[in-house]
Structure formats: C-alpha cells, structure tokens
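Visitor: Quick one: the structure is below, questions incoming.
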Ligand SMILES: Cc1cc2nc3c(=O)[nH]c(=O)nc-3n(C[C@H](O)[C@H](O)[C@H](O)COP(=O)(O)O)c2cc1C
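Residue numbers (my numbering): 24 to 341.
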C-alpha cells in the first residue's frame, strides 16, 4: 500500500493509524514523510524507486533504516515514461495561482471534497518528501519525475548493490517472469513482488495472476511471494493465495476508500475485504490459510502459463 494524503484532507497520517489498527503492513513512497508514517504505523515498509544518483539512493536507504522500516521494497517495473492510451493525469509543478485557476472548474465540480480541504485550511502539497535526503530541500513531484527520467535503468548489479546497503528483508516488486524471480533471489531478494503495477505501466501487459504459479514454481520456497493487481474483494485474495502467493497487496482499493471517506473509508474497504474473504473460507469449508490450494479453483485451460510460455516475454532489465 502506498500514498496519499493528497486525495483526502484528513490528518496526514490518519490512514496509517487505521492500517496499524487493522494490523496491516503499509508500503510507502510518496506523499508523507516516511518518518511520520512510521510513528503511526510501525509496520510501515519503505519503498524505493531506482531514481537519482547512488548517493541519493544511499541516503534514502539510510533514512528508511534509521526510521525503522521493517523491510525494503525496490520497485523495478515502473517506467518513468508511461505510454498510457488513456493518458495520465496532469501533475502541476506547483500550487501557484495559475494552477489554482486551471483546476478551479474541477474543484467546483466536487464541492464537498473542496470544502473539506478549505475547512482544514490546508491544500495538498505537491512535494515528494521521501525523495529528499530527510534534512534538506524536498523535491516537487515534477522534479522527482525529472530525476527519475534522467536515471539510467537499473541492472541486476544495481540490485546487488542495494542488497549490500540493506541488511533486512528485501522485496523486488514488479516481477512477472520466472527467470527474473530467480535472478532477483540470486541478487539477494528475500521476497518477490509479482505485479504489473496494476496494469498502469505497459498497455496489454500480462496479468500477473497468470504468471503467478510459474513464478511460485521457479522460486521453490526460497523467497516469500506477494501478489498484487486487481484485488478488489476477498475472492481475489483467495484466488491469489490458491495460486501460490503468500500475501496480497492492494493498491487502488484502499485509495478509493481514502478518497471517498478518509480513515473511515479505508476501514470500510478493509472490513469488506475481510468479510468477503471469511465468507469464501466458510463456503469452501477451510479453517486455515494453509488449507487453501489450487484444488479449490476451477482454472480455465491455458489461463495459467506454463514455464515454457515465458521465453519470448520482455525482461525487466539486463
Ligand atoms: C495511484 C497509484 C500510485 C502508485 N504508486 C506506486 C508507487 O509509488 N510504488 C509502487 O511500487 N507501486 C505503486 N503503484 C502500484 C501499486 O503498488 C500496485 O502494484 C497496483 O496498484 C496494484 O494494482 P491494484 O491497484 O489493482 O490493486 C501505484 C498504483 C496507483 C494506482
């Protein structure tokens, strides 16, 4: 999980508290200082993008360790140039008068949302505090994006280098090729994040659910496997676990709750996920997670990709 105080004006880390109360782990990159998030949810995990110089990346990893991050997630699949057919939302460089005028029609079309910000007398800021070194200036979203664009793509050697800087559990997120899962483990990953970034990166990309069993097979118990992408209800969690994931992450689902109703919205999303998952467990007659298996599913022929089907797929890096 990551983000966003920008979509709801509530206390900056109310959602972090909610996730802690629900005993959920939270993954964090962007809009709130990681140090503040950890205060409200000691289960928070710092998520790193390969952006900036080695010194800057070293500083960020140092910040994560000093703040007490339980693990480090390195997201390797995100492309700074996202060629989405439907485009991407405009991210203004700063919240100046010109931007305010530009976004006034959008704000006025959502009066309740706008009013809640006005009541707090605080507009969302457009900075990315976790891209800074923790002491000095904080880049704006646009500056962080430019930094990311200017950074050469990471290699497996870079991942080994990150491993040398981080002593704790390390997840490589954005894997959907079994060979890449193996290589990530060889480079020191203790967890594999099977994900296609929620389909937000590359149009027509492979569904990570189809790739999951082959990756589970390749990993052969040598790393934990997390799955994300399209998890909206308990049944989606169940299917991912049945296909071999150890955990599932949610990206948009909780963000929808946060946007609609702040901390309470997040709580309701989590409660809905939990209750639908419990009902499925009841329906299939399982008492514990360890009883879930692929036998619980009717998997259409060809849905799950055999290892041999991956040969021609693009690889995340060299
Ligand atoms: C608005 C938004 C922001 C995201 N930011 C990040 C990020 O900073 N780091 C990251 O690893 N993944 C990020 N993701 C991808 C999610 O971590 C996750 O892989 C994806 O959303 C899962 O799909 P789902 O949204 O269908 O659950 C983001 C996704 C969305 C929708």
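We put the beta carbon where it would ideally sit given N, CA and C, even for glycine.
Give me the residue from 179, 66 and 55 with the minimum Cα distance to residue 155.
Guide: Residue numbering aside, residue 155 sits at position 132 when the chain shown is read from its first letter. It is 55.
Visitor: Flag residue 298 as yes if its beta-carbon sits less than 9 Å from any beta-carbon of chain D, otherwise no.
Guide: Absent from the structure is chain D; it holds one protein chain and no more.
Visitor: Examine ligand 1 and report whether any of its heavy atoms sits within less than 8 Å of the Cβ of residue 315.
Guide: Counted from its first residue, the chain shown places residue 315 at position 292. Answer for residue 315: no, Cβ out of range of ligand 1.
Visitor: What whole-angstrom Cβ distance do residue 201 and residue 241 have, given they're in contact under 8 Å?
Guide: Translated into positions along the chain shown, residue 201 becomes position 178. Translated into positions along the chain shown, residue 241 becomes position 218. The pair is a contact, with the Cβ atoms about 4 Å apart (cut-off 8 Å).
Visitor: By the three-class DSSP mapping on this structure, what secondary structure does residue 197 have?
Guide: As a first step, residue 197 is located in the chain shown; it is residue number 174 there, counting from the start. Strand, per DSSP.
Visitor: Cβ of residue 211 within 8 Å of any heavy atom in ligand 1?
Guide: Indexing the chain shown from 1 puts residue 211 at position 188. Not under cutoff, so the answer is no.
Visitor: Measuring alpha carbon to alpha carbon, tell me which of 215, 91, 119 and 84 ends up nearest residue 271.
Guide: As a working note, residue 271 is residue 248 in the chain shown. That would be 215, whose Cα lies nearest to the Cα of residue 271.
Visitor: Which same chain residues, not among the five before or five after residue 57, have their C-beta less than 6 Å away from its C-beta?
Guide: The count along the chain shown starts at 1 and reaches residue 57 at position 34. Excluding residues within five positions, the ones whose Cβ falls inside 6 Å are 51, 69, 90 and 153.
Visitor: Can you give me the Cβ contacts of residue 329 inside the same chain, cut-off strictly under 8 Å, excluding the 5 residues immediately before and after it?
Guide: Locating residue 329 in the chain shown gives position 306, counting from the first residue. Excluding positions up to five away in sequence, the list reads 237.
Visitor: So which of 199, 167, 206 and 198 has the shortest CA-CA distance to residue 183?
Guide: Residue mapping note: residue 183 aligns to position 160 of the chain shown, counting from 1. Comparing Cα positions, the closest option is 206.
Visitor: For residue 111, does the three-state DSSP call read helix, strand or coil?
Guide: Position 88 of the chain shown, counted from the first residue, corresponds to residue 111. Note: residue 111 maps to coil in three-state DSSP.
Visitor: So does the region 211-225 actually touch the region 129-141, counting three or more Cβ pairs closer than 8 Å?
Guide: Taking 8 Å as the limit for Cβ pairs, the verdict is that the region 129-141 does not touch the region 211-225.
Visitor: Counting only the same chain and skipping the five closest in sequence on each side, list residues whose C-beta sits under 6 Å from that of residue 115.
Guide: As a first step, residue 115 must be located in the chain shown, where it is residue number 92. Once the five neighbours on either side are set aside, the close Cβ partners of residue 115 are 122.
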